[in-house]
Every structure is written in C-alpha cells, then in structure tokens.
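Trainee: Going line by line, the protein sequences match chains A and B.
If you use full-length UniProt numbering, the first sequence corresponds to residues 1 to 264, in order.
If you use full-length UniProt numbering, the second sequence corresponds to residues 1 to 245, in order.
Even glycine gets a Cβ: it sits at the ideal position worked out from N, Cα and C.
Quick caveat, the model's predicted, so the values are computed rather than measured.
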Amino acid sequence: MPGGRLECGHARAYLEDSMNYHWNWNVFFQPTGIGKEIYLDWFVTGFGWTVAVALVAWVIALAIGSVLGVMRTLPDSKATSFASAYVALFRNVPLLVQLFVWYFLVPDWLPESAQTWFKQDLSPTTSAYISVVVCLALFTAARVCEQVRTGIQALPKGQSHAALAMGFSRVQIYRHVLLPQAFRIIIPPLTTEFLAIFKNSSVASLIGLMELLAQTKQTAEFTANIFEAFTLATVIYFVLNMSLMKLMGRVEDRLRVPGLMGGK
Amino acid sequence: MSAMIRINNVSKWYGEFQVLTECTTQVAKGEVVVVCGPSGSGKSTLIKCVNALEAFQKGEIIVDGTSVGDAKTDLPKLRSRVGMVFQHFELFPHLSITDNLAIAQVKVLGRSQDEATEKGLKLLNRVGLKAHAHKYPGQLSGGQQQRVAIARALSMDPIAMLFDEPTSALDPEMINEVLDVMTELAQEGMTMMCVTHEMGFARRVANRVIFMDRGQIIEDCGKEEFFGSPRSERAVQFLSKILQH
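1. With a cut-off of 8 Å, does the C-beta of serine 169 of chain A fall near any C-beta of chain B?
2. Between the alpha carbons of serine 80 of chain B and methionine 166 of chain A, how many angstroms are there, rounded?
3. Indicate whether alanine 162 of chain A and phenylalanine 163 of chain B have their beta-carbon atoms separated by less than 8 Å.
4. Can you pull out the residues from the segment 82–93 of chain B whose beta carbon lies closer than 7 Å to at least one beta carbon of chain A?
5. Tell me which residue opens and which closes the alpha helix (DSSP H) that glycine 65 of chain A is part of.
6. Please confirm if glutamine 145 of chain B has its CB atom under 8 Å from at least one CB of chain A.
7. Glycine 158 of chain A touches chain B at which residues, Cβ-Cβ below 7 Å?
8. Are the C-beta of serine 112 of chain B and some C-beta of chain A separated by less than 8 Å?
9. According to the Cβ coordinates, are glycine 142 of chain B and alanine 169 of chain B closer than 8 Å?
10. Please report whether the beta-carbon of serine 80 of chain B lies at a distance below 8 Å from any beta-carbon of chain A.
11. Check each residue of the segment 37–65 of chain B: if its Cβ is closer than 7 Å to any Cβ of chain A, include it; give the result in chain order.
12. Rounded to whole angstroms, what's the CA-CA distance from valine 32 of chain B to lysine 77 of chain B? Just pull it up for me.
13. What does glutamine 237 of chain B reach in chain A if we use C-beta pairs closer than 9 Å?
14. Between which residues of its own chain and glycine 151 of chain A is the CB-CB distance below 7 Å, once the five residues before and five after are set aside?
15. Please report how far the alpha carbon of glycine 228 of chain B lies from the alpha carbon of aspartate 220 of chain B, in whole angstroms.
16. Leaving out five residues before and five after phenylalanine 43 of chain A in sequence, what residues of the same chain have Cβ atoms less than 8 Å from its Cβ?
17. If I follow the unbroken alpha helix (DSSP H) through arginine 231 of chain B, where does it start and stop?
18. With 8 Å set as the bound, which would you pick, yes or no: does the beta-carbon of glutamine 147 of chain A sit closer than that to a beta-carbon of chain B?
19. Just the C-alpha distance for threonine 73 of chain B and serine 67 of chain B, rounded to the nearest angstrom, thanks.
20. Using a Cβ-Cβ cutoff of 8 Å, what residues of the segment 166–198 of chain A are near chain B? List them in chain order.
21. Enumerate in chain order the residues of its own chain whose CB-to-CB distance from proline 107 of chain A is below 7 Å, with the five nearest sequence positions on each side excluded.
22. When the distance is taken between beta carbons, is valine 181 of chain B closer than 8 Å to residue 247 of chain B?
23. Which ranges would you report for the alpha helix (DSSP H) in the segment 91–152 of chain B if only whole runs of at least 4 residues count?
24. So what does DSSP say about phenylalanine 194 of chain A, is it helix, strand or coil?
25. When DSSP builds the beta bridges, which residues end up paired with tyrosine 14 of chain B?
26. Could you tell me whether the Cβ atoms of serine 39 of chain B and valine 195 of chain B are closer together than 8 Å?
27. Would you please state the rounded distance, in angstroms, between the beta carbons of leucine 96 of chain A and valine 203 of chain A? I believe it to be under 8 Å.
28. Could you please give me the residues that DSSP links to glutamine 30 of chain A through a beta bridge?
29. What is the rounded straight-line gap between the Cα of methionine 71 of chain A and the Cα of serine 81 of chain A?
30. Quick one: what does DSSP say aspartate 9 of chain B is sitting in, helix, strand or coil?
31. May I ask you to verify whether the segment 113–124 of chain B touches the segment 189–206 of chain A, counting CB pairs closer than 8 Å and requiring at least 3?
32. At the level of alpha carbons, what is the spacing between proline 31 of chain A and serine 201 of chain A?
33. Name, going along the chain, the residues of the segment 65–76 of chain A whose beta-carbon falls closer than 9 Å to a beta-carbon of chain B.
34. Check the Cβ of alanine 154 of chain A against every Cβ in chain B and list those closer than 7 Å, keeping chain order.
35. Expressed to the nearest angstrom, what Euclidean distance is found between the alpha-carbon atoms of leucine 74 of chain A and phenylalanine 90 of chain A?
36. So the alpha helix (DSSP H) glutamine 98 of chain A belongs to, where does it begin and stop?
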C-alpha cells in the first residue's frame, strides 16, 4: 500500500531528524502572529478549557452517578432496571462515538427553535463545549454509578437493619448511614474516574474545542516544533493528574474513620 | 398482665421453603422471654418479624396494640418504639460513639442535638463506657461495642427490647459484661425478647423460655419447667448438648 509506505517514510524521516534534532524550547515564547500572543498563551488557554470541561462534567457525573448507584440498590425493580439499562448503554459504546452522537446527531433531533439556538445563536466553541460536557458527564456517570452501587453493597446488611430498627426512613438510611460509608470505601476507584475525565476531555479536540490537546496540535502545525509541543502537553497532563491524585489522597486521609480501614 | 407483644399463628415462607409455621406466643409487659433452639430453627427470623425487619405471609403480630403486618401501620414510628440489639452490634462505624447514641434521637424523634447528646452520655455512663464517648466503634472491643449498642437502643426510650443473639459474636471473656447489662435491664422491668444460647442467663432472668425447631415453637413455658422437665424429645436433646459444656 503506497500510503502505508509513505507514512513509514515519514516516521523514518522524523526518527532520523530526532537523532540530531535541535530542541527549541524558546518556541513557546515566540509570537504566534495573532495579536500579542505567544505560543505559551495557547497552552494556557487550552489548559483552562480542559479544566473547565472536566470539572463541570465531573460534578454532573458525580451527581447523576450517585443517584443511579442508589437506584441500583433499591428494592424497586423499575428503578434498578432503569439504572442497569443506563449503565449498559453508556458503558458499552466508545466514548468517541458517544461524542459524535451528541455533537452531530442529537442537535438535529431537537425541536426547531432549540436547533437554531444551538447551531446559530451559540458560538461554535460554546456548542462544542456543551456537547462535550454532556457527553463526558453521562459517560462517566455510568462508571460512577457502578462504583456507588458496589460501595453500598459492600456494607453489611445489618447496617440498614440497625437503622431501620431505630425508625429511620429509607432516605435517612441512605443519607446518614449507607452513603457516608460507601463513599469512603470508593474514594480510590472514584479517584481513577476523576483523573480519567481530565484525560478523556481530550476527545473535545475532535469537535473543534480548543482545549489542551487541540492547542498542542495547532502549535505543532504552526511551528513544526512537534516534539516540544507534545512534550509540554505530556508534562502538563502528567503534573495535573499527579496533583489531583495527591489531592484525592488528602481527601481520603481527612475522611478516614478512626479504627476503620487503616484509620488510627 | 397485658401482652406487649402478641404473635398469632405467624407463618413465613422463603419461596417454597417454610421458615416459620404457625408460631403463637406473647410477651407480657415487664416480662423477659428467652427464645432458644438449634441454628436454622427460625428464632432470629421470628424476632425480626416483631419489628418488621422480616415480612411474614400469614398470621398477625400486635405490638402495644398496633398490628405490625397492617399495610396502614407507620412502621418507622413503630420500630422507633422497639429497641433492637444485633449479633454484630451494627454501630455506625463512621460516627463517634456520642453521635451513634444521638443520631436516631435527633433524626427520628426530633430531639435537639444537646438533649440527645446528654441522654446518650447518661446511658453510656450506665453501661460503664462514659470515658469512651469521643471514640469510634472500631476502637472499642466487641463487648464494649455491644454495650454501646444497648445504650443506643435505650436512648429511644423503647417500650420493649429485642435481642438477636447479642453475645454470639463475642469472645468468651466479654460475654458477661454484656449479660450483666441485660440482667440489670431485666431487673428494672424492661420487656425483653432475647434470642440467645446463654442458658445461664435464661435461668437467672427469664420468666419464660420458648424453644423452637424447624420453624415451629415446640416449647413455651416457665423456665423451671423448661430446665426441669422439658416435654419434647427435641428440647431434651438440645439441652443435653448445650448444658454439657
């Protein structure tokens, strides 16, 4: 296949280049030619969008996922099957496919007025932002749901019996007895999801939202300093996620119960 | 004597399997009734039917004039008036001892936090654990946790107390500290229904003993009669095994 050979050739050229490659870290301080911007500004803006997408989507995912997780543990079979169906749907379709559905298809199913609003009144950035936040939130909610469910189911049945026996209502049992314990148990896997949503936010670059990865690609294209651009992006993602990991570790320590699960 | 707990012809099935067969008995106000029998005989299931932690399909249970099985019964309200102590204590591990004692008083009975804490500490003092108020359940021994659990149940001012094998999960040396609290409670006139294998406790404090086997109440008589001359072959066997040790 000629195309294949061409790409191979490309890679070899890069490799040969890289052997005596001239690293130019100053590239980030060079003007982009647009206004007074330097390339580093693009990374700062991109980082801002990445955080804006991930944080907002996470808050929504945590809320929806918690409700669904509780539903999966209720005696009511309708609630359970709804939550199960949700999880099956959102966990078994690739994230990228889901994003394209939210961005390209779903707007067309909206009523006429909403369509005009979404496609014409909103700026392309805003409509891309909404699509990617909805997509990531609903995708991650399915995963949060499963973790909340396992957290609740890991608790001894006697806990809800004891609460019932004292006259707690169903809502009170979840609020005061089950969820505070379940969330403590699932902090480590929830941390994984929290980090994943920051990494997954990079799919937004494929629908034109200029988050970190999109800015990286753009810098690489404008400057041809592809190595520097992607190295910086890698470092930013890595430092961001390491910090979040440390933060969640602190949260876990703060919430640790004395005498329980490694608490003192 | 008026019956505080009245169990009439109660039957219960898990699918095809019948776990309770026409159980009938009652517990009078101020009476202490011990329920014993081999494992799988349905004693825990029966006692959990009294506060509707387990549902039953036939018969009726009346607690202080209220029918437990009636769909119109306000179950949380009924349960809040009946204290229950579990085999595995079931203190809430994420709450301090003080909060364990106060939470249901505040959330269910609507007492103020201060009032609930004060009452909780008074009861904690009664079970000899005042010094541990600030700790968490995981920092106490099993016997201490069970005494806190009894205090927690008492904090609701119950009209009766249900004990579901309260000493079965304890180390031998901790059993007595729990039985002592229960004995004291019985002597103060608390209405008690206790599922337990502690025959010494039954001899000391029970008014009546109920013996169950395969979901049926086989014996239901005064403790002298039960320990002196049990009528059924099954109870004789059970007693000979349990009293040997």
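Mentor: Let's see:
1. yes
2. 5 Å
3. Alanine 162 of chain A places its beta carbon 8 Å or farther from that of phenylalanine 163 of chain B.
4. Met84, Phe86, His88, Glu90, Phe92, Pro93
5. 39–71
6. no
7. Phe86, His88, Glu90
8. With a threshold of 8 Å between beta carbons, serine 112 of chain B makes no contact with chain A.
9. The answer is yes: Cβ separation under 8 Å.
10. Yes, its Cβ sits closer than 8 Å to a Cβ of chain A.
11. Residues Asn51, Leu53.
12. 23 Å
13. What glutamine 237 of chain B touches in chain A: nothing, since even the nearest Cβ is about 31 Å away.
14. Ala182, Phe183, Ile185, Ile186
15. 13 Å
16. Phe28, Leu212, Gln215, Thr216, Thr219, Leu232, Ala233, Ile236
17. Here arginine 231 of chain B belongs to no alpha helix (DSSP H), and DSSP marks it neither H nor E.
18. no
19. Computed Cα separation, rounded: 7 Å.
20. Met166, Gly167, Phe168, Ser169, Gln172, His176, Val177, Pro180, Gln181, Arg184
21. Gln115, Phe118, Lys119
22. Here chain B comprises residues numbered 1 to 245, so residue 247 of chain B is not present and cannot be evaluated.
23. As far as the segment 91–152 of chain B is concerned, its whole alpha helix (DSSP H) runs of at least 4 residues are 97–107, 113–126.
24. helix
25. B/Phe17
26. no
27. 6 Å
28. Bridge partners of glutamine 30 of chain A: none, in fact.
29. When rounded, the distance between both Cα atoms is 9 Å.
30. The sequence given here has asparagine at residue 9 of chain B, not aspartate. Note: asparagine 9 of chain B maps to strand in three-state DSSP.
31. Output reads no: the segment 189–206 of chain A does not touch the segment 113–124 of chain B.
32. Computed Cα separation, rounded: 27 Å.
33. none
34. By Cβ distance, chain B contributes nothing, its closest Cβ being about 12 Å from alanine 154 of chain A, past 7 Å.
35. Distance from the CA atom of leucine 74 of chain A to the CA atom of phenylalanine 90 of chain A, rounded to whole angstroms, is 21 Å.
36. Where glutamine 98 of chain A is concerned, the enclosing alpha helix (DSSP H) starts and stops at 95–100.
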